[in-house]
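Engineer: For the sequence shown, this note's numbering gives the first residue as 122, with consecutive numbering after it. Using N, Cα and C, we set each Cβ at its ideal position, and we do this for glycine too. Here the structure is a predicted model, which is why all the values come from computation and not from measurement. Provided herewith is a single structure, encoded as structure tokens, for subsequent inquiry.
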Amino acid sequence: MSRRYLRLRRYCQSEVDKIDFPRPFSVDALCRSIADRRGRELHLHPLPRQASLSGTCGVWIATTTDDHIFYESMTSRVHQEHIVLHEIGHLLFNHHAVGAKDTHMFGDLLPDLDASLVTGLLGRTDYTTRQEREAEMLASLIRTSADDAAQNRPRSVAGKLAASLGIEASADE
Ligand SMILES: [Zn+2]
122 MSRRYLRLRR
132 YCQSEVDKID
142 FPRPFSVDAL
152 CRSIADRRGR
162 ELHLHPLPRQ
172 ASLSGTCGVW
182 IATTTDDHIF
192 YESMTSRVHQ
202 EHIVLHEIGH
212 LLFNHHAVGA
222 KDTHMFGDLL
232 PDLDASLVTG
242 LLGRTDYTTR
252 QEREAEMLAS
262 LIRTSADDAA
272 QNRPRSVAGK
282 LAASLGIEAS
292 ADE
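Set out below in structure tokens:
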């Protein structure tokens, strides 16, 4: 492994270490945990099919008060979750778009949103390569940490099964 790779991984792991991992792990619960820590609501939305997002499978929109993550829903659950985790990576690192080329997307994605409130809109094409690598690494590390957490702490069979599927267990765990 190259030194650059190790440095990237260490940098991303330090961010992952700040995360309060929900048990059982689910992407939804992770989003709530992150939202609580940031004091900003975090909303997940499937990308509308009509959204003009050529080649984009995930978008993060930050407003003055809330964060919105859009993900491609016409794909496997595992891929959907990876897209969300990748966008969470951009959010946690506070990556900013190099150019807001796609401002017309606001209307497609959030028709009720006042565009003047939007402080950041990040689609896949707006990031630098370095930012993409960071987001991708963070998504992988979150997934690894979630799997480790699920294995280190035995819970009920239902809870473990739910965790392995990335869904929330029922309340009677
Ligand atoms: Zn990205």
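Beta-carbon separation of S154 and P143 under 8 Å?
Structural biologist: Their beta carbons are under 8 Å apart, which means S154 touches P143 by this criterion.
Engineer: Please confirm whether S194 and L165 have their CB atoms less than 8 Å apart.
Structural biologist: No, these two residues do not count as a Cβ contact at 8 Å.
Engineer: With DSSP run on the structure shown, which of helix, strand or coil describes E162?
Structural biologist: Looking at E162 - three-state DSSP - the assignment turns out to be strand.
Engineer: Give the secondary structure of D268 by DSSP, where H, G and I count as helix, E and B as strand, and everything else as coil.
Structural biologist: If DSSP states are grouped into helix, strand and coil, D268 belongs with the helices.
Engineer: Got a sec: does ligand 1 put a non-hydrogen atom nearer than 7 Å to the Cβ of A260?
Structural biologist: Answer for A260: no, Cβ out of range of ligand 1.
Engineer: Between C133 and the rest of its own chain, which residues show a CB-CB distance below 8 Å, the 5 nearest in sequence each way excluded?
Structural biologist: G210, E255, M258, L259 and L262.
Engineer: Quick one: does the C-beta of E202 sit closer than 7 Å to a heavy atom of ligand 1?
Structural biologist: It does not: the Cβ of E202 is nowhere closer than 7 Å to a heavy atom of ligand 1.
Engineer: Which residue comes first and which comes last in the beta strand (DSSP E) that contains I140?
Structural biologist: Careful: I140 lies outside any beta strand (DSSP E) and carries neither H nor E.
Engineer: On the criterion of 16 or more Cβ atoms from any shown chain inside 10 Å, does Q201 qualify as buried, or is it exposed?
Structural biologist: With 16 or more Cβ atoms within 10 Å of its Cβ, Q201 is classed as buried.
Engineer: Note down the Cα distance separating R161 from I182, rounded to an integer number of angstroms.
Structural biologist: For R161 and I182, the distance between alpha carbons rounds to 12 Å.
Engineer: In terms of DSSP beta bridges, what is D187 paired with?
Structural biologist: In the DSSP output, where bridge partners are listed per residue, D187 has E162.
Engineer: Starting from L206, trace the alpha helix (DSSP H) in both directions and tell me its first and last residue.
Structural biologist: First-last of the alpha helix (DSSP H) with L206: R198 to L213.
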